[in-house]
């Protein structure tokens, strides 16, 4: 035994310059965010809004599924084999257009039965200038139901079951718990995005939290403040510039940088991640950041496809 030990020590001394001492394996973070899509609503070189949330190192929660996120998933070499929870903020194409592709990716990632629990907004009838929107349950039925566009996927590679939930409207100051599994908690509150029904989500686990604004206009900010108070990471969609830098109609749908900074400050968010980046914002990041910092002094970053963030 002593001879073997001496040989190992001698080898280390002889080849020391070629030896790399690897650190001990770090435990998986309790909560981690992978940005699959940081762009939208236009085609600006980024995948549209989509995020994968890891719980204790396992990819459990998909938040939105914008076009391009399927490709970003592969580039990130992430697996959906354990993803069973889906949170949809609203049913615009740039947030749900990749649902079929990502659901198929989940089915192909395992040979066993797949069960999705999906939450999203309820529907809205067409009224005057307001568009019609199906509820989340109807939307998924139109995609994957017995006569849906992708009905074949129900038993394509593995049996797929979808438990869909329309999140019932809440008051602007009353978040509702929609899921609890041990220390994992998901709460939701009704947002506001023009005529599109929308939902704001917060995920809490092991003392850490991530809040997703979704697309949100001024009428939705009180609800975001209520659910985001004290959050570790606030993912805020950043599409428009401060007035009058963007078309007037966009301010009825989105929140400008100055208001983003004020909300983040008042909610006490620890870190701010700007996402759903439009080309206009991409071209003026310095001015956008300066506007936010007039009110918010916390850590602020612009999301990029493939970025990983730990609250």
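In my numbering, the protein residues as written are -12 to 298.
All C-beta atoms, glycine included, are put in the ideal place defined by N, C-alpha and C.
Small disclaimer: the values here were computed from a predicted structure and weren't measured.
Taking the C-beta atoms as reference points, residue 201 is found nearer than 8 angstroms to residue 77. Residue 85 sits buried, since 16 or more C-beta atoms from the chains shown fall within 10 Å of its C-beta. Across the set 118, 132, 61, 146, the C-alpha of 146 shows the shortest separation from the C-alpha of residue 98. Beta bridge pairing from DSSP links residue 172 with 167, 191. DSSP places residue 177 in the strand class (E or B) of the three-state scheme.
For residue 41, the secondary structure class from DSSP, reduced to helix, strand or coil, is strand.
The beta-bridge partner set that DSSP reports for residue 120 consists of 111. Around the beta carbon of residue 170, fewer than 16 other beta carbons lie within 10 angstroms, which makes this residue exposed.
DSSP links residue 126 through a beta bridge to no other residue. As a beta-bridge residue in DSSP terms, residue 19 pairs with 41.
In this structure, the beta-carbon distance from residue 162 to residue 109 does not fall below 8 angstroms.
The Cβ atoms of residue 18 and residue 298 lie closer than 8 angstroms to each other. Assigned with DSSP and collapsed to three states, residue 81 falls in helix.
Secondary structure within the stretch 184 to 264: the beta strand (DSSP E) runs of 3 or more consecutive residues, fully enclosed, are 186 to 192, 195 to 199, 220 to 224, 258 to 262 (chain order). Listed in chain order, the non-local C-beta contacts of residue 117 below 6 angstroms within the same chain comprise 182, local neighbours out to five positions each way being set aside.
For residue 67, the three-state secondary structure derived from DSSP is coil.
Here residue 100 has 145, 146, 147, 148 as same chain residues with Cβ atoms under 8 angstroms from its own Cβ, once five neighbours each way along the sequence are excluded. For residue 127, the CB contacts under 6 angstroms within the same chain, skipping 5 residues up- and downstream, are 149, 151 in chain order.
Counting along the chain, residue 284 sits inside no beta strand (DSSP E), nor does DSSP assign it H or E at all. In the three-state reduction of the DSSP assignment, residue 26 falls in the strand class. Cβ-Cβ distances below 8 angstroms link residue 186 to 74, 75, 76, 77, 106, 107, 108, 154, 175, 176, 177, 178, 201 in the same chain, with the five nearest sequence neighbours on each side left out; the list follows chain order. When secondary structure is reduced to three states using DSSP, residue 59 falls in the helix class. Secondary structure note for residue 74: its beta strand (DSSP E) is the uninterrupted segment 72 to 74. Residue 29 sits exposed, since fewer than 16 C-beta atoms from the chains shown fall within 10 Å of its C-beta. Excluding sequence positions up to five before and after residue 216, its CB lies within less than 8 angstroms of the CB of 254, 255, all in the same chain and listed in chain order.
Residue 147 is bridged by DSSP to 101.
In the DSSP secondary-structure assignment, residue 90 is not bridged to any residue. When DSSP states are grouped into helix, strand and coil, residue 34 belongs to the coil group.
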